[in-house]
Amino acid sequence: MTATAHVRSAPPEQASRPLRRRRSSRVLLLSVVLAILGALLGAYAYRAAVSRDGIVAIAQPRPFGTAIRISDLREAQLPSDTGLATVRWSEVDSVVGKLASTDLRAGQILTPDSVTDERVPAPGEAVVGLSVESGRAPSESLAARDEVLVVTGSGRPPRRAVVVRSGESDATGRRGVDVLVRQADAEELALASVDDRVAIVLVGRR
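Under my numbering, the residue at position 65 of the sequence shown is numbered 60, and the numbers go up by one with no gaps.
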């Protein structure tokens, strides 16, 4: 008689175990990769949220028309991508020596249009200092670049002017106001101020 050898096959569940282990390893590896990517994305989002740009701010007040010095400026930090018009601190040298195009106050951010290369007064213009009695000018403070009419009471039409600087009222209630006018009007307005024939009317603000 011929003996028949019987080969026992592995149970189905034992044969599938290596495939399950491979699947488990792949899932574990994918989980680790996703966890690393999540951590990296979180770190990037955090850095983007807290990143700051060094920008130029005003350290010392500078009146309209005065030159900007490096000592008048300081570095400030703003979040990136604010959409604000600013001057980077790395470009601070580009604004030193320029003129304030308006009154600059300590603590404010310097914008590109806060400074100019245009001198005051320009050719054909003059700055006239007016002494104005209480009640002949607006009670609120006049600011640099305010547009005004200067009335002299001489029967001539009012003269348009731009405020350069306005002082505080003294003990008598008088106030000094420097205005930018056409050079042709400068003498008339100066004489009217000496004769105390000046009134100022505010007509526009920039």
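Even glycine gets a Cβ: it sits at the ideal position worked out from N, Cα and C.
Checklist entry - What residue range is occupied by the uninterrupted beta strand (DSSP E) comprising L216? => result The structure shown does not extend to residue 216, since the chain spans only -4 to 201, so no value can be given for it.
Checklist entry - Where DSSP assigns a beta bridge to E120, which residues make up the other side? => result Beta-bridge analysis with DSSP links E120 to R177.
Checklist entry - For V27, which of helix, strand or coil comes out of DSSP? => result helix
Next on the checklist: For the beta strand (DSSP E) containing A156, name the first residue and the last one.
Outcome noted: 154 to 161
Checklist entry - By how many angstroms is the C-alpha of I104 removed from the C-alpha of T81? => result Approximately 7 Å, taken between the alpha carbons.
Next on the checklist: Using the Cβ count rule (16 or more neighbours within 10 Å means buried), how would you classify I53?
Outcome noted: Burial call: buried.
Item to check | Cβ contact (3+ pairs, closer than 8 Å) linking the stretch 116 to 127 and the stretch 167 to 179 | outcome: yes
Checklist entry - Counting along the chain, where does the beta strand (DSSP E) carrying V198 start and finish? => result 194 to 199
Checklist entry - Can you name the residues that DSSP bridges to E142? => result V157, G199
Checklist entry - Is it buried or exposed for A34, if we count other Cβ within 10 angstroms and need 16 for buried? => result Counting the other Cβ atoms within 10 Å of the Cβ of A34 gives fewer than 16, which makes it exposed.
Item to check | Beta-carbon proximity of V212 to I195, cut-off 7 Å | outcome: Here the chain comprises residues numbered -4 to 201, so residue 212 is not present and cannot be evaluated.
Item to check | Outcome for A166 when other beta-carbon atoms lying within 10 angstroms are tallied against a minimum of 16 | outcome: exposed
Checklist entry - Which class does G49 belong to by DSSP, given the choice of helix, strand or coil? => result strand
Checklist entry - According to the neighbour-count rule (16 or more other Cβ atoms, all chains shown, within 10 Å of its Cβ), is R100 buried or exposed? => result exposed
Next on the checklist: Please report the straight-line C-alpha distance between S136 and L36, rounded to a whole angstrom.
Outcome noted: 53 Å
Checklist entry - Within the chosen definition, does the stretch 142 to 162 reach the stretch 181 to 188 through at least 3 CB pairs nearer than 8 Å? => result yes
Next on the checklist: My output table needs one value for V110: the three-state DSSP class, helix, strand or coil.
Outcome noted: Look at V110 here: in three-state DSSP terms it is strand.
Next on the checklist: Please report the distance separating the alpha-carbon of V91 from that of A117.
Outcome noted: 20 Å
Item to check | Spatial neighbours of V110 in its chain, beta-carbon cut-off 8 Å, leaving aside the 5 residues before and after | outcome: I63, V90, K93, L94, A95, S96
Checklist entry - Bridge partners of G150, per DSSP? => result BP columns for G150 are empty, so no partner.
Item to check | For G60, the three-state DSSP class (helix, strand or coil) | outcome: coil
Item to check | Member of R169, D98, A179 whose CA lies at the smallest distance from the CA of S188 | outcome: For S188, the closest C-alpha among the options R169, D98, A179 is that of R169.
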